[in-house]
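If you count the sequence shown from 1, you need to add 71 to reach our numbering. Idealized CB from N, CA, C, for every residue including glycine. Beneath this line is the structure, given in structure tokens, with notes to follow.
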Amino acid sequence: GDSRKVAALMPRVIKTTVDCYGGDCGKCRYHSVVCGGGKRKNWWHRSMYLQTGKIHHLNMTDADRVTLGKLIEMRLGVHALALTKLCLTTNRNEGLNRCLSSTLPKNVNFSRNVTGRACAAIDRLNYGAGASILRKLETNKAPISKGGSAAKATRQMQCEALYHRTYMRQRSVRGRLLYNKRKRFDAIRAARRRREATSQTRADARKAVYRKGQLDQQVKKKK
Numbered sequence: 072g073d074s075r076k077v078a079a080l081m082p083r084v085i086k087t088t089v090d091c092y093g094g095d096c097g098k099c100r101y102h103s104v105v106c107g108g109g110k111r112k113n114w115w116h117r118s119m120y121l122q123t124g125k126i127h128h129l130n131m132t133d134a135d136r137v138t139l140g141k142l143i144e145m146r147l148g149v150h151a152l153a154l155t156k157l158c159l160t161t162n163r164n165e166g167l168n169r170c171l172s173s174t175l176p177k178n179v180n181f182s183r184n185v186t187g188r189a190c191a192a193i194d195r196l197n198y199g200a201g202a203s204i205l206r207k208l209e210t211n212k213a214p215i216s217k218g219g220s221a222a223k224a225t226r227q228m229q230c231e232a233l234y235h236r237t238y239m240r241q242r243s244v245r246g247r248l249l250y251n252k253r254k255r256f257d258a259i260r261a262a263r264r265r266r267e268a269t270s271q272t273r274a275d276a277r278k279a280v281y282r283k284g285q286l287d288q289q290v291k292k293k294k
């Protein structure tokens, strides 16, 4: 968590990353958190996009290595680390935009309650579905009685929302989603190859039976 210690290690990480792009994963085991080196743990084998395209390394010149190192420094350099040391991303903003899009669709004009719907959506994101319902009812001075069926239903909604959030953040679940996505990419690529082979076979068949002037009227020659 100390940004100064992390910044001191970044030069080795950047050099190792450039070597990894070139196909040398010898130091990835010690100076990389993405590529583990070896034949089965390296980044080239784990990436579904690269393995599907059978890409194992990049043929880079010395100038390409220098350019790549400068590009990586834009994200992992000392200045970039100082700006991103709080590990803030745009994921929460994107999640909020998605929630607002479902609550306030653009094809509907909410002239009277747009503020209330937006605030309710934000409260649901911050506290969960069940807790948000309880908060809104208490604010409107209509609380739910404890131990009733409504309280049990809201508690169940809250538990399901928290479980789903925790479940989707598990490493095994993310790995399974990436694996299924990779299988879909492989299926799409295989189907494309079959279509190309079929079209090529049909083109070859048309060329085999075609002859010049085959639609012209044949005139019998007199002896």
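- If you look at residue 166, you'll find it in the alpha helix (DSSP H) that goes 162-174.
- Taking C-alpha positions only, residue 203 is separated from residue 239 by approximately 21 Å.
- Under the 8 Å Cβ criterion, the region 88-102 counts as touching the region 138-145, having at least three qualifying pairs.
- Taking C-beta atoms as the reference points, residue 100 and residue 107 count as a pair closer than 9 Å.
- For residue 194, same chain residues with a beta-carbon under 8 Å away, outside a window of 5 residues either side, are 203, 206, 207 in chain order.
- Per DSSP, residue 190 is one residue of the alpha helix (DSSP H) stretching across 185-198.
- In this structure the region 183-197 lies against the region 161-173, because at least three pairs of beta carbons, one per stretch, are closer than 8 Å.
- Taken through DSSP and simplified to helix, strand or coil, residue 239 comes out as helix.
- Residue 251 sits in a helix when the DSSP states are folded into three classes.
- C-alpha of residue 275 to C-alpha of residue 260: approximately 23 Å in a straight line.
- Taking 9 Å as the cut-off, the beta carbon of residue 153 is found closer than this to the beta carbon of residue 78.
- In the same chain as residue 159, and ignoring 5 residues on each side of it, no C-beta atom comes closer than 6 Å to its own.
- Look at residue 256 here: in three-state DSSP terms it is helix.
- Just so you know, the alpha carbons of residue 266 and residue 272 end up roughly 10 Å apart.
- Residues of the same chain with a CB within less than 7 Å of the CB of residue 262, apart from the 5 flanking positions on each side, do not exist.
- In the DSSP assignment, residue 213 falls outside any alpha helix (DSSP H), carrying neither H nor E.
- The C-alpha of residue 242 lies about 20 Å from the C-alpha of residue 166.
- For the 9 Å CB-CB criterion, residue 148 and residue 228 do not form a contact.
- Per DSSP, the unbroken alpha helix (DSSP H) holding residue 91 starts and ends at 74-92.
- Nearest to residue 197 by C-alpha distance, out of 131, 163, 270, is 163.
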